[in-house]
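For reference, the structure is listed below as structure tokens.
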Amino acid sequence: MADFYSEGVFQPSIPADLITYEAQTLFDALNICGLRQPDDTVRLFNECSCTSGFVTTEEGQKEVGEEDLYRTLQDIIRVSNGRLTWISHEQGHTCSKKRSEGFGGSAVFITADDIQYNGTSPWLERRLQEFQSGDIGPDTEDPDVVTSSEVIEAVNDLINAAKVVVKRWESGNLAEAVTNLSMMIRWMESILKEAQHAPHVALQPDVNQKLLEACIQARAALPDAWAAVNCNVPEEVIDLLNEAIALAAEERFKTSWWLKTDGEHKYFTLDDWRNEASQMNTLLGYQEWVIKEVESLLSTILLDGVDAIEVSGCIEEDGNVEVTLNDEEASFFSVYTHRPNEGVECQCDFNTRRQAIEFAKALAAKRNLRIYGEPLQH
Numbered sequence: 276m277a278d279f280y281s282e283g284v285f286q287p288s289i290p291a292d293l294i295t296y297e298a299q300t301l302f303d304a305l306n307i308c309g310l311r312q313p314d315d316t317v318r319l320f321n322e323c324s325c326t327s328g329f330v331t332t333e334e335g336q337k338e339v340g341e342e343d344l345y346r347t348l349q350d351i352i353r354v355s356n357g358r359l360t361w362i363s364h365e366q367g368h369t370c371s372k373k374r375s376e377g378f379g380g381s382a383v384f385i386t387a388d389d390i391q392y393n394g395t396s397p398w399l400e401r402r403l404q405e406f407q408s409g410d411i412g413p414d415t416e417d418p419d420v421v422t423s424s425e426v427i428e429a430v431n432d433l434i435n436a437a438k439v440v441v442k443r444w445e446s447g448n449l450a451e452a453v454t455n456l457s458m459m460i461r462w463m464e465s466i467l468k469e470a471q472h473a474p475h476v477a478l479q480p481d482v483n484q485k486l487l488e489a490c491i492q493a494r495a496a497l498p499d500a501w502a503a504v505n506c507n508v509p510e511e512v513i514d515l516l517n518e519a520i521a522l523a524a525e526e527r528f529k530t531s532w533w534l535k536t537d538g539e540h541k542y543f544t545l546d547d548w549r550n551e552a553s554q555m556n557t558l559l560g561y562q563e564w565v566i567k568e569v570e571s572l573l574s575t576i577l578l579d580g581v582d583a584i585e586v587s588g589c590i591e592e593d594g595n596v597e598v599t600l601n602d603e604e605a606s607f608f609s610v611y612t613h614r615p616n617e618g619v620e621c622q623c624d625f626n627t628r629r630q631a632i633e634f635a636k637a638l639a640a641k642r643n644l645r646i647y648g649e650p651l652q653h
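Going by the numbering used here, the first residue of the sequence shown is number 276, and it counts up by one from there.
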């Protein structure tokens with residue numbers, strides 16, 4: 276009778292305060308050991324197989340396995356507030372007898388968005404199949420489904436943009452509605468084109484092509500849509516579309532906010548992100564989610580009747596927000612839209628004046644609006 280052995284290590288070490296009671300119970304059930312490090316982290320490893328075990332629940336004994344282990348590690352990454360961005364698990368497999376199935380190795384790479392696995396045995400099987408069929412492919416297996424979080428997010432943004440278009444259409448602002456939709460279509464086109472050449476994005480080629488063709492067809496149909504609603508100035512609409520396409524081809528707005536240096540975003544909070552992640556509305560980590568939300572907000576703010584953008588430093592005390600002209604006193608900075616006879620409306624809060632002005636300039640550029648707020652230099 277042959278005995279099979281597995282040993283493995285996890286990297287990097289995990290901050291001890293991130294390991295919950297539930298996580299530790301799972302580690303114990305799967306023979307995962309931990310060594311406390313001087314920097315208050317825990318280095319995890321396994322000296323034997325960690326494929327299955329049992330934990331005690333209110334309903335009794337529950338079987339757990341590697342899938343539970345890797346999802347728990349992914350949850351740790353998601354709540355780490357940027358302290359962990361990835362975890363890997365590398366194992367070696369041996370056997371007491373020289374059996375072909377008893378040797379090899381495996382590796383798992385975990386991020387907030389994905390869990391990837393590879394092993395020596397599956398790799399050799401693929402190479403053998405390619406050799407026997409004469410169809411020599413790349414070193415990585417072609418995926419069966421679209422798994423790219425970038426494409427999923429782009430599709431969701433396109434859907435949201437369509438909803439905004441409907442609102443603007445109903446309000447009579449047809450030009451801005453079509454312009455906004457055109458920009459979102461172009462953005463998704465660029466995402467799909469980039470995904471074709473990104474090795475970390477798993478896309479089925481024919482699905483990618485169909486999505487890309489759908490975007491192109493949608494953009495081509497926009498001028499016809501204007502004709503269908505008896506637009507009085509179709510030439511102006513086409514000019515707007517061409518202008519939007521040219522703008523979309525340029526480098527998109529990027530916020531300078533960075534979790535490690537700026538801390539939690541003032542407007543898009545960790546609690547909001549955790550809520551979105553728990554409901555599976557996003558697969559992104561907190562850093563990427565905030566950047567995406569800020570960029571999406573820029574494209575959805577209504578500018579009908581707006582004549583200026585304002586940037587102000589703010590102080591919050593006892594739930595009340597007050598504007599201050601002293602940047603050193605300000606705890607955050609807000610961007611407002613101004614409408615004559617209506618006053619201002621806060622659109623977003625930022626950690627620093629620089630971030631607020633970046634956003635204000637990008638927003639003002641959409642309508643060539645003025646920006647108020649001293650100082651404007653940064």
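From the three backbone atoms N, C-alpha and C, an ideal C-beta is built for every residue, glycine too.
Item checked: Range covered by the beta strand (DSSP E) that runs through glutamate 597 -> Where glutamate 597 is concerned, the enclosing beta strand (DSSP E) stretches over 595–599.
Notebook entry, point to check: Who are the near neighbours of isoleucine 351 in its chain, counting only those whose CB is closer than 8 Å to its CB and skipping five residues on each side?
Noted result: Counting only Cβ-Cβ distances below 8 Å, and skipping sequence neighbours, we find Ile289, Leu293, Ile294, Ala298, Leu359, Ile362.
Check: Around the Cβ of glutamine 622, are there at least 16 other Cβ atoms within 10 angstroms (buried) or fewer (exposed)?
Finding: Buried.
Next item on the list: Output the distance between the C-alpha atoms of cysteine 506 and leucine 578, rounded to the nearest integer angstrom.
Entry: Because the pLDDT at cysteine 506 is just 46, under 50, the model does not fix this residue reliably, and the point stays unresolved.
Next item on the list: For proline 615, name the three-state secondary structure that DSSP assigns.
Entry: Reduced to three states, the DSSP call for proline 615 is coil.
Notebook entry, point to check: Helix, strand or coil: how does DSSP classify valine 581 here?
Noted result: Of the three classes helix, strand and coil, the one that applies to valine 581 here is coil, per DSSP.
Note to self: Alpha carbons only, please: which of Ser327, Ser355, Gln286, Lys641 is nearest the one belonging to aspartate 546?
What the structure shows: When only C-alpha atoms are compared, the closest one is Ser355.
Next item on the list: Can you have a look at arginine 353 and say buried or exposed, based on whether 16 or more other CB atoms are within 10 angstroms of its CB?
Entry: The residue in question, arginine 353, is buried, as its Cβ has 16 or more Cβ neighbours within 10 Å.
Note to self: Assuming leucine 600 and tyrosine 561 are in contact, meaning their beta carbons sit under 8 Å apart, how far apart are those beta carbons, in whole angstroms?
What the structure shows: Beta-carbon to beta-carbon, leucine 600 and tyrosine 561 are separated by about 32 Å, too far to satisfy the 8 Å threshold.
Check: Helix or strand or just coil, what does DSSP make of aspartate 624?
Finding: DSSP places aspartate 624 in strand when its eight states are reduced to three.
Notebook entry, point to check: Does the distance from the C-beta atom of valine 581 to that of isoleucine 646 stay below 8 Å?
Noted result: No, these two residues do not count as a Cβ contact at 8 Å.
Next item on the list: Measure how close the beta-carbons of glutamate 631 and serine 609 come, nearest whole angstrom, since I'm counting them as under 8 Å.
Entry: One point to set straight first is that residue 631 is alanine, not glutamate, in the sequence displayed. Their Cβ separation, rounded to whole angstroms, is 7 Å, which keeps alanine 631 and serine 609 in contact under 8 Å.
Note to self: Taking its Cβ as the centre, do 16 or more other Cβ atoms sit within 10 Å of alanine 640, making it buried, or is it exposed?
What the structure shows: The residue in question, alanine 640, is exposed, as its Cβ has fewer than 16 Cβ neighbours within 10 Å.
Next item on the list: Using a threshold of 8 Å, state whether the C-beta atoms of alanine 635 and isoleucine 584 are closer than that.
Entry: It is a contact, given that the beta carbons lie within the stated cut-off.
Item checked: C-alpha distance - histidine 613 paired with valine 598, whole-angstrom precision -> Whole-angstrom Cα-Cα distance: 15 Å.
Next item on the list: Return the Cβ separation of lysine 529 and asparagine 626 in integer angstroms, given the expectation that the two are a contact with Cβ distance under 8 Å.
Entry: Contact flag wrong, Cβ pair sits at about 15 Å.
Item checked: Terminal residues of the alpha helix (DSSP H) in which arginine 549 lies -> For arginine 549, the uninterrupted alpha helix (DSSP H) run begins and ends at 545–553, by DSSP.
Margin query: At 4 residues or longer, what runs of the alpha helix (DSSP H) sit wholly inside the stretch 286–353?
Written below: Within the stretch 286–353, the alpha helix (DSSP H) runs of at least 4 residues that lie entirely inside it are, in chain order, 296–304, 341–353.
Next item on the list: Decide if the stretch 298–314 is in contact with the stretch 396–408; the criterion is three or more beta carbon pairs, one per stretch, under 8 Å apart.
Entry: With the cut-off at 8 Å, the stretch 298–314 and the stretch 396–408 do not touch.
Notebook entry, point to check: Quick one: Cα of threonine 331 to Cα of aspartate 343, how far?
Noted result: Cα to Cα, the separation comes out at about 14 Å.
Next item on the list: Could you have a look at alanine 387 and say whether DSSP puts it in helix, strand or coil?
Entry: The answer is coil: DSSP assigns alanine 387 none of H, G, I, E or B.
Next item on the list: Tell me whether glutamate 568 is buried or exposed, calling it buried when 16 or more other Cβ atoms sit within 10 Å of its Cβ.
Entry: Result: buried.
Notebook entry, point to check: Which residues bound the alpha helix (DSSP H) around glutamate 223?
Noted result: Nothing can be reported for residue 223: it is not among the residues displayed for the chain, which extend from 276 to 653.
Check: Is the beta carbon of asparagine 556 within less than 7 Å of some heavy atom of the ligand ZN?
Finding: In the structure shown, the ligand ZN is absent, as is every other ligand, since no ligand is present at all.
Notebook entry, point to check: Among the residues of its own chain, which have a CB less than 7 Å from the CB of alanine 304, if the five just before and after it don't count?
Noted result: Answer for alanine 304: Gly328, Phe329, Val330, Val339, listed in chain order.
Check: Is arginine 645 helix, strand or coil when you go by DSSP?
Finding: Reduced to three states, the DSSP call for arginine 645 is strand.
Item checked: Proximity below 8 Å, CB of serine 531 to CB of glutamate 633 -> Cβ distance < 8 Å, so serine 531 and glutamate 633 count as in contact.
Next item on the list: Apply the 10 Å Cβ neighbour rule to serine 371 and answer buried if 16 or more other Cβ atoms are within range, or exposed otherwise.
Entry: Classification of serine 371: exposed, given that the 10 Å Cβ count is below 16.
Margin query: Considering Cα atoms alone, identify which of Pro313, Asp388, Phe384, Cys589 is closest to arginine 628.
Written below: That would be Cys589, whose Cα lies nearest to the Cα of arginine 628.
Check: Where glutamine 366 and alanine 387 are concerned, what is the direct C-alpha to C-alpha distance, given to the nearest angstrom?
Finding: Cα atoms of glutamine 366 and alanine 387: separation of roughly 21 Å, rounded to the nearest angstrom.
Check: For phenylalanine 528, which of helix, strand or coil comes out of DSSP?
Finding: Three-state DSSP puts phenylalanine 528 in coil, outside helix and strand.
Note to self: Rounded to whole angstroms, what is the Cα-Cα separation between leucine 559 and isoleucine 566?
What the structure shows: Spanning the two alpha carbons is a distance of roughly 10 Å.
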